[in-house]
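Chains as they are written, first to last, in the numbering used here: chain X, 4 to 114; chain G, -14 to 98.
All C-beta atoms in this analysis are idealised placements derived from N, C-alpha and C, irrespective of residue type, glycine included.
Nothing here was measured: the structure is a model prediction, and the numbers come from that model.
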Amino acid sequence: KQEVTQIPAALSVPEGENLVLNCSFTDSAIYNLQWFRQDPGKGLTSLLLIQSSQREQTSGRLNASLDKSSGRSTLYIAASQPGDSATYLCAVLQGAQKLVFGQGTRLTINP
Amino acid sequence: DTAVSQTPKYLVTQMGNDKSIKCEQNLGHDTMYWYKQDSKKFLKIMFSYNNKELIINETVPNRFSPKSPDKAHLNLHINSLELGDSAVYFCASSQNDGSYIQYFGAGTRLSVL
């Protein structure tokens, strides 16, 4: 049974810092891995998707890496801003389009 | 134009009642999903439908019954609501194009009193 774990559960950093969020998964038989952002009272916004054959994806200040063999992914956020404050969710896609989520990292960027 | 829309946004009801949550997507996607996010913010899949056919049915009480009248709609009906059903329910959709990116609605916060 796939289990996805995110560390840390919460993170608070001053504005401008670079930071790394971690995600690990127990079963490497995945189709892809996605990082989502969830704002309070809102739905999920897909930030980056890495196919199982890829090693990383970049979008603006965000860079996500995937090491499928070790069951790990990281989300790197450069030059953090207060608007980056949200909960970040990692999810892996398994057969039959089943997304398995981690419990999220609640990120606070302090001005 | 909202891509995946759910109604209602908030639902407060008494134990034992029956309620429905509606979901519509205007993205032309083939697959739709229902997820439950509990009080600890853990998101878990409940159901998925592909072209109106059920393809995922996780261990969910049979008080929960999804209905897909067409591929743009996936409604969730819940019978005999219990306190433990209180959660945020998210609808999502995706296209079968190899990317499998799922697009989520804003969620329905269900409170059972």
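- Residue nearest to Ala72 (chain G) within the set G:Ser24, G:Asp55, G:Glu38 is G:Ser24 (criterion: CA-CA distance).
- Scanning chain X for C-beta atoms nearer than 7 Å to the C-beta of Tyr85 (chain G) yields Tyr34, Asn35, Leu96, Gln100, reported in chain order.
- In the structure shown, Pro85 (chain X) adopts helical secondary structure according to DSSP, grouped into three states.
- Among the bridge pairs identified by DSSP, Tyr20 (chain G) is matched with G:Ile30, G:Phe75.
- For Tyr34 (chain X) and Ile86 (chain G), the gap between their C-alpha atoms comes out near 11 Å.
- Not a single CB atom of chain G sits nearer than 8 Å to the CB of Gln60 (chain X).
- Between Asn66 (chain X) and the set X:Ser73, X:Gln57, X:Gly74, X:Ser72, the nearest pair of CA atoms involves X:Gln57.
- For Ala32 (chain X), no beta strand (DSSP E) encloses it, and the DSSP letter there is neither H nor E.
- In the displayed model, Asp70 (chain G) falls within a helix according to three-state DSSP.
- Counting only the Cα atoms, Thr44 (chain G) lies some 16 Å from Tyr74 (chain G).
- Of all residues in the stretch 63 to 78 of chain G, only Phe75 come within less than 7 Å of chain X when Cβ atoms are compared, listed by chain position.
- By the beta-carbon neighbour count (other beta carbons within 10 angstroms, threshold 16), Ile10 (chain X) is exposed.
- By the neighbour-count definition (other C-beta atoms within 10 Å, threshold 16), Glu38 (chain G) is an exposed residue.
- Closer than 8 Å to the CB of Lys45 (chain X) there is at least one CB belonging to chain G.
- The C-beta of Ile6 (chain G) comes no closer than 8 Å to any C-beta of chain X.
- With 16 or more neighbouring CB atoms inside 10 Å of its own CB, Met17 (chain G) falls in the buried class.
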